[in-house]
Every structure is written in structure tokens, then in C-alpha cells.
Amino acid sequence: MKAKEGVLEHLNGVLKAELTAVHQYLLHAALCKHWGYDRLHEYYSHLANGEVQHSSALIDHVLYLDGTPDVEHLDAVAQGRDVGALFQVDLEFEREDVELLRKAIAHCAKVGDFTTRHLLEHMVEDSEEHVDWFETQLRTISQVGLERYLSEQIKK
2 MKAKEGVLEH LNGVLKAELT AVHQYLLHAA LCKHWGYDRL HEYYSHLANG EVQHSSALID
62 HVLYLDGTPD VEHLDAVAQG RDVGALFQVD LEFEREDVEL LRKAIAHCAK VGDFTTRHLL
122 EHMVEDSEEH VDWFETQLRT ISQVGLERYL SEQIKK
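Just so you know, we're using this note's numbering here: the sequence shown kicks off at 2 and counts up by one.
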């Protein structure tokens, strides 16, 4: 099937963000494991796996549209020196991802590509849930303090 105008560019932009997220969340999972926060390690590993699934679906869809998936480029992978910093950079990353997805969804609706739009709508739901999770964790830290929060993250 031939892609409609601009759709492949949007899909490859989203793919770049999703592949970056895989690397970022794998790094953050490893950092949390290194720091001894098993629960956060497990959560970040779950996030990374979800981003791998999104990346795979995007690659398949680009190929379906007779395009070439751009798997060679990533954005900078953000990291932090502590859990709070990880949450901040990941929250910002997810907010940017939501905006990127919304623009791609709007473009797909404009050109009448409802299959791609549906795929991206599923992804934006996940990203919005990630935004909510990071916001909740940061709010919890501000309410109970970082030490108390982290003491709950040591064991699964």
C-alpha cells in the first residue's frame, strides 16, 4: 500500500522517539537496579518492553506503506544522577512524545489515513498513561519525601 503525503515522515519521527525511549528506559532500568531499587527497575524494564513493541509495530507499518523505516537515528538519551532526576527527564520526554503523536494523528486524519491514525492513537494513550505515572511519582515524592519514597522501591 502506498503511503499518503507526509505520513512516512511522521511515522519515522515517531519511530525515532520510540527507539530513543527504548534506550533511555533500558538505561534507567539499569541505573535503578544498580542503585538497588528493584521495583523501579521492574517498572522501567516494563516501559522499555512497551516501547520495543511500539517500535516493532511502527517498523511493520512503515514497511506496509512501502516505506523505509529509519532505525539509524536516535535523539539524545537523557539520564540523571538520582531517581527524581530520572523521573523529571522521563516526564518531559513523554510529554514531548504525546505532542509528537498528536501532531502525527492530526496529519493522518487530515490526509485520510485512518489505519495509521488508529495505530498512533493507541500509542498516545500509553504515553499519556506514562505522563500520569511520572507526575504521580513526583507528586508522591514531594508529599512523603524522597527517602520514604525510595525505601518503598527497594523490594518488589
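Glycine included, C-beta positions come from ideal geometry on N, C-alpha and C.
Boundaries (first-last residue) of the alpha helix (DSSP H) holding Ala31: Val8 to Trp36
Under 8 Å, do Leu102 and His62 count as touching if we go by C-beta distance? no
How big is the Cα-Cα spacing for Leu87 and Gly113? 38 Å
Between Ala23 and Val53, how many whole angstroms is the CB-CB distance? I'm expecting something under 8 Å. Correcting the residue type first, residue 23 is Val in the shown sequence and not Ala. Indeed, because the Cβ distance is near 6 Å, the residues count as touching under 8 Å.
For a test of the three-state rule: what should DSSP assign to Gln154, helix, strand or coil? coil
Is the stretch 21-36 close to the stretch 73-85, with three or more CB pairs under 8 Å? yes
Going by DSSP, what residue range makes up the alpha helix (DSSP H) through Lys104? Val84 to Val112
Are the stretch 84-98 and the stretch 131-139 in contact at 8 Å, needing three or more beta carbon pairs? yes
What does the Cβ neighbour count give for Ser128, buried or exposed, with the cut at 16 atoms within 10 Å? buried
How long is the line joining the alpha carbons of Thr116 and Gln144, rounded to whole angstroms? 43 Å
C-beta atoms of Glu19 and Leu59 nearer than 8 Å: yes
Can you give me the start and stop residues for the alpha helix (DSSP H) that Gln144 sits inside? Phe115 to Val145
Simplified DSSP assignment, three categories, for Ala58: helix
With distances taken from CA atoms, which of Lys3, Met2 and Glu10 is nearest Ile106? Glu10
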